[in-house]
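Reviewing the structure listed below.
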Amino acid sequence: MNEQHAGQAIIDTLVLHGVERVFVVPGESFLAVLDGLYESPVETVVCRHEGGAAYMAEAHGKFTGRPGVAMVTRGPGAANALVALHAAWQDAVPMVLFVGLVPIADRMRESFQEFDPHAWFGTQCKRVMVLDEAERASEVVAEAFFAAGSGRPGPVVVGLPEDVITRPVSGVLHPPLPVGEGALSSEDLEAVCAALSEARRPLLFVGGQRWTPEAATSLTRFAEQNGIPVVQDWRAADRVPFDSPVNCGWLGYGRSDATLALFEEADVLIAVGALPTDVPSEGFTARQGHDRLNILVNIDTGLRGRSGAVTRHLIASPVAFAEAVAGLRLGREKEWDAWRSGGRAAQQSFTALPVPEALSATRPGTAHMGAVLGELVKRLPDDAVFTFGAGNHCIWAQRYLPTRVFPSQLSTRNGSMGYSVPAAVSASLASPERLCVVVAGDGEFMMNGQEIATAVQYGAAMLVLVVDNGRYGTICLHQEAQFPGRASGTRLANPDFAALCRAYGGHGETVAANDEAAGAIERALRAVTEWRRPALIHIVTDPRHDLP
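Okay, structure coming up:
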């Protein structure tokens, strides 16, 4: 590269790493980087809040498997981005967050918006790197991308002192560093075969990151050909298709009792990408005995978050595992048929939409989510993408919306609210040909719903379902269990969400009765697919029917 400032070198290195867009809330602390974007092929998506920008980067990492990139300013901007960094840390999602910093000479002087990035972010990301030498700008970016994507993926923070990124640099851009997938040795594969040859009730438990569409398809084929039932991790129910004969549900909040029973009763568990962490293990209570036969296939050498027995640890990504077992035929599918078919039948029953009789008990002026989703599901393409954040409303999406390809489900395992709309913006920009559906609660939507303005600005289109029960429903549920009849601090007074979406430039509908759902969905889908506009349906619900 010819002599230029370090900010330009950073952007040129992003181009070299295949970055197509960055999610930004601008700040005076990184003007040189913004200048580098001016004539760059990298699209600059200007967001309305740092939390939204960082969530978009996290969702990009989940959706594509490549690090998403966000850029925010020092102090308040960095603080607002931390929630998405925490989500990426707990979900093992590759992400690089660039943060503008005070000039080097102003450090440790309580200068304007000064903070210590190591102290703030050090426990919630894989690395914190501060660019103190302009000549290393390209190298630091390459190292950040490698750290974010290698091993157990996760977020990396790169601090950019305001004065350093304006300095001239020259030299060659640092090329991308290859990320290894791990592998199964012949002994590993023999151990898998030996365990399955003895099994009476085998089970695959899948989830986590480092998947590709090809790996998901290959693993599904392996499970189907061998008749091995599959359960999926919480908020990761798109590795095996919704309709697959081996799909027996997911673990975690909102799961069926039958799925948990499979997890507990399996005599051989092969976990691919997923680990029996807090939520899928029911708070470290399910499958905890050290006599259990658990083979953990995970690229993380430290197995962070795992619980229970580790019979064998295969250091491989889902990609490597799927390749290794692709041609493996065990010949025991008939022996396992009753075990698999029982789990599958239970899951089919669990995910069947509510019958009409169950939908008629709502109060006047409200609609039942079962009725709304029943109308929506009939109109969904097979490759629809679903995003949701946190709250009781998410159970409706998790349980009934059919994930038929990978990736098609974007959510957060750390229970982070405000994720759904930014994630949909990110997915829509990455794959504009796919329909993106958001399921948001009234409280969850208000935390980052303003990013609909970003969607309109950049041509992202999605259908947003806002479930309005006038309260923080999950917390109400906990209160009712611990302090019956004493709801406190959970009531909400909401705006007209449909009007709000129209004000942003989208299409808005309100559904306050079951028979209004079909027409509203038809019009909203037309706005999304034909007019390429965000559309929102404000669903007024009866709090008595918060959960399926």
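Under my numbering, the residue at position 76 of the sequence shown is numbered 1299, and the numbers go up by one with no gaps. We put the beta carbon where it would ideally sit given N, CA and C, even for glycine.
Unbroken beta strand (DSSP E) run spanning residue i, endpoints
i, result
"residue 1352", "1350 to 1353"
"residue 1472", "1470 to 1473"
Under the three-state DSSP convention, the category residue i falls into
i, result
"residue 1240", "coil"
"residue 1722", "helix"
"residue 1422", "coil"
"residue 1451", "coil"
"residue 1760", "strand"
"residue 1372", "helix"
"residue 1717", "coil"
"residue 1463", "coil"
"residue 1732", "strand"
"residue 1246", "strand"
"residue 1570", "helix"
"residue 1324", "strand"
"residue 1344", "helix"
"residue 1445", "helix"
"residue 1576", "coil"
"residue 1392", "strand"
"residue 1599", "helix"
"residue 1227", "strand"
"residue 1429", "strand"
"residue 1405", "strand"
"residue 1710", "coil"
Rounded Cβ spacing between residue i and residue j (contact assumed at less than 8 Å)
i, j, result
"residue 1628", "residue 1436", "7 Å"
"residue 1588", "residue 1663", "Between residue 1663 and residue 1588 the Cβ distance is about 21 Å, and since that is not below 8 Å, they are no contact."
"residue 1432", "residue 1528", "Actually they do not touch by this definition, with Cβ atoms about 13 Å apart."
"residue 1688", "residue 1595", "7 Å"
"residue 1491", "residue 1455", "The Cβ separation is near 17 Å, so there is no contact."
"residue 1368", "residue 1536", "Going by Cβ atoms, the distance from residue 1368 to residue 1536 rounds to 26 Å, so no, they are not a contact pair."
"residue 1630", "residue 1679", "That belief does not hold up - the Cβ atoms of residue 1630 and residue 1679 are roughly 24 Å apart, past 8 Å."
"residue 1442", "residue 1462", "7 Å"
"residue 1477", "residue 1621", "5 Å"
Straight-line Cα distance separating residue j from residue i
i, j, result
"residue 1269", "residue 1474", "37 Å"
"residue 1742", "residue 1734", "9 Å"
"residue 1760", "residue 1745", "11 Å"
"residue 1720", "residue 1684", "17 Å"
"residue 1438", "residue 1545", "6 Å"
"residue 1579", "residue 1591", "10 Å"
"residue 1557", "residue 1450", "8 Å"
"residue 1554", "residue 1427", "17 Å"
"residue 1425", "residue 1290", "34 Å"
"residue 1690", "residue 1355", "47 Å"
"residue 1488", "residue 1565", "13 Å"
"residue 1336", "residue 1382", "14 Å"
"residue 1632", "residue 1408", "32 Å"
"residue 1210", "residue 1500", "Look at the range of the chain in this structure, 1224 to 1771, and you will see that residue 1210 is not part of it."
"residue 1379", "residue 1704", "39 Å"
"residue 1716", "residue 1312", "33 Å"
"residue 1681", "residue 1647", "13 Å"
"residue 1234", "residue 1255", "10 Å"
"residue 1514", "residue 1534", "9 Å"
"residue 1740", "residue 1765", "15 Å"
"residue 1538", "residue 1522", "5 Å"
"residue 1542", "residue 1434", "6 Å"
"residue 1652", "residue 1410", "43 Å"
"residue 1638", "residue 1292", "22 Å"
Extent of the continuous alpha helix (DSSP H) to which residue i belongs
i, result
"residue 1512", "Taken as a continuous stretch (DSSP letters only), residue 1512 belongs to no alpha helix (DSSP H), as it is neither H nor E."
"residue 1383", "No alpha helix (DSSP H) contains residue 1383, which is instead part of the beta strand (DSSP E) from 1378 to 1384."
"residue 1611", "It is not in any alpha helix (DSSP H) - residue 1611 instead sits in the beta strand (DSSP E) that spans 1608 to 1611."
"residue 1257", "1254 to 1260"
"residue 1744", "1740 to 1752"
"residue 1338", "No alpha helix (DSSP H) contains residue 1338, which DSSP labels as neither H nor E."
CB contact below 8 Å: residue i versus chain E
i, result
"residue 1485", "Although the question refers to chain E, the structure presented lacks it and comprises just one protein chain."
>> In chain order, what are the residue ranges of uninterrupted alpha helix (DSSP H) at least 4 long that sit wholly in the region 1265 to 1321?
In response: 1273 to 1287, 1299 to 1314
> Whole alpha helix (DSSP H) runs in the region 1615 to 1697 with 4 or more residues, listed along the chain?
Replying inline: 1616 to 1623, 1643 to 1653, 1665 to 1671, 1675 to 1681
> Where in the region 1478 to 1566 do unbroken runs of the alpha helix (DSSP H), each at least 4 residues long, occur, reported from the N-terminal end onward?
Replying inline: 1480 to 1488, 1541 to 1548
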